Amino acid sequence: MDQRELLTRVPLFRELSPDDLQRVLDATRPVAFEPGTEIVTIGDPGHALYIVTSGVVQILYPARSAEFELARLGSGECFGEMALLNEKPRSATVRAVDRVEALALARADFDRVLMETPRLAVEILGALSQRIRNADEQISGLSDQALRDSLTNLLNRRAFHERLHEECDRFRRYGDGFALILLDLDRFKAINDTMGHDVGDEVLAWVGRMLAEHTRAADACFRVGGEEFAVLCPSTGPDVAGKAAQRLVAVVAEARPPLREGGRVHVTMSAGFSACPDHARRPEFLFQVADQALLRAKAEGRDRVVAPAIPTP
């Protein structure tokens, strides 16, 4: 397949006349990249549009702290046009999966071709609109997957630490306090040992549902460890946090989760809590205060809530 025929497969250039296609082709230069090469790095200025002629590239996006593959592009597909149009830094990283050959259209040449080929500007705008919609949907879905526990469908430990830092930042900016509740299933190892891990998973999933059902819409529930859970309660002081923790512990103790194989199992939880700014103002100290209270609840007999012993400045 010659290069002009290849350009007709690229959505941006599909409707161009033969003369306009040749004008685009004349403005490009051939480039090649070895496997693993970062052709484009997120945050870098956009210097060129690339049209893949052979090989495969992956489009990577860092959703918070992890890197996700949004798409793979092969021969007849292009990338990099958005940064050339809006003159903003690259919004994703592009890496060569295998040896990649491409045609590069530099910014100055890209601008000149746009001026000479009005039809190209129309095609680019249409293609970009669709690409933005697709990317937004993919990013939203991947971000949610990365921050959610698959067993309980609660937010996971990574999401917990991010949200805890966000709440502390919000307090520093606006003075809006919040509370942290930590809960841990009592004697959960015994359930796994005597009834099996499948039953243990059923119990964990059930606890996740109970927490989601018996907290406020503004609260955020997390599974932060094997059998350890957390609830972040915005605009909440220690008194309300203590009552909320008591309610959750009571609900779990009274409900007795039903099992798929029949019957029910009795489970209890212990809980501790802390509040910002009453007990601490930094994420690590808030967690430490709540965790120490949780440990005391375990030591004092389980199936209970223990308040922080000494407020921490």
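Under the numbering used here, the first residue of the sequence shown carries the number 1077, and numbering increases by one thereafter.
Cβ atoms here follow ideal geometry from the backbone N, Cα and C, with glycine treated the same way.
From a predicted model like this one, the values you see are computed outputs, not experimental measurements.
- In this chain, Arg1357 is not harboured by any alpha helix (DSSP H), its DSSP state being neither H nor E.
- Inclusion of Val1365 and Ala1356 in the CB contact set at 8 Å is warranted, their separation being smaller than that value.
- Note on geometry: alpha-carbon atoms of Gly1318 and Val1307 lie some 12 Å from one another.
- Taking each of Ala1124, Pro1111, Thr1228, Pro1121 in turn and checking the Cα distance to Val1176, the smallest one comes out for Pro1111.
- Boundaries of the beta strand (DSSP E) around Asp1260: 1254-1261.
- At least 8 Å separates the beta-carbon of Ile1257 from that of Phe1361.
- Contact between His1123 and Arg1188 does not hold, since their C-beta atoms are separated by about 15 Å, which reaches or exceeds 8 Å.
- The Cβ atoms of Gly1284 and Leu1223 do not sit closer than 8 Å to each other.
- Shown here for Ala1168: same chain residues with a beta carbon closer than 7 Å to its own, the five before and five after excluded, namely Ile1118, Ile1135, Leu1136, Tyr1137, Leu1146 in chain order.
- Among the bridge pairs identified by DSSP, Arg1171 is matched with Glu1114, Gln1134.
- Secondary structure of Glu1243 (DSSP, three-state): helix.
- Annotation: Arg1234 to Gly1301 spans about 11 Å, alpha carbon to alpha carbon.
- For Glu1304, the CB contacts under 6 Å within the same chain, skipping 5 residues up- and downstream, are Asp1260 in chain order.
- In this structure, the beta-carbon distance from Asp1262 to Ser1346 falls below 8 Å.
- Per DSSP, Arg1183 is one residue of the alpha helix (DSSP H) stretching across 1183-1192.
- Following the DSSP letters along the chain, one finds Arg1299 inside the beta strand (DSSP E) bounded by residues 1296-1299.
- Here Val1283 carries a helix assignment [DSSP, helix/strand/coil].
- By the Cβ-count criterion, Leu1227 is exposed, with fewer than 16 other Cβ atoms from all chains shown falling within 10 Å of its own Cβ.
- Checking the DSSP bridge columns, you'll see Leu1097 has no partner listed.
- If the five residues before and after Leu1125 are omitted, its C-beta is found closer than 7 Å to the C-beta atoms of Cys1154, Gly1156, Glu1157, Leu1160, Leu1181, Phe1186, all from its own chain and listed in chain order.
- With a 10 Å radius around the Cβ and a threshold of 16 neighbouring Cβ atoms, Ala1320 comes out buried.
- Going by DSSP, Val1327 is part of no beta strand (DSSP E) but of the alpha helix (DSSP H) stretching over 1314-1331.
- A distance below 8 Å between beta-carbons, with the five flanking residues on each side excluded, links Val1173 to the following residues of its chain, in chain order: Pro1111, Gly1131, Val1132, Val1133, Gln1134, Arg1148.
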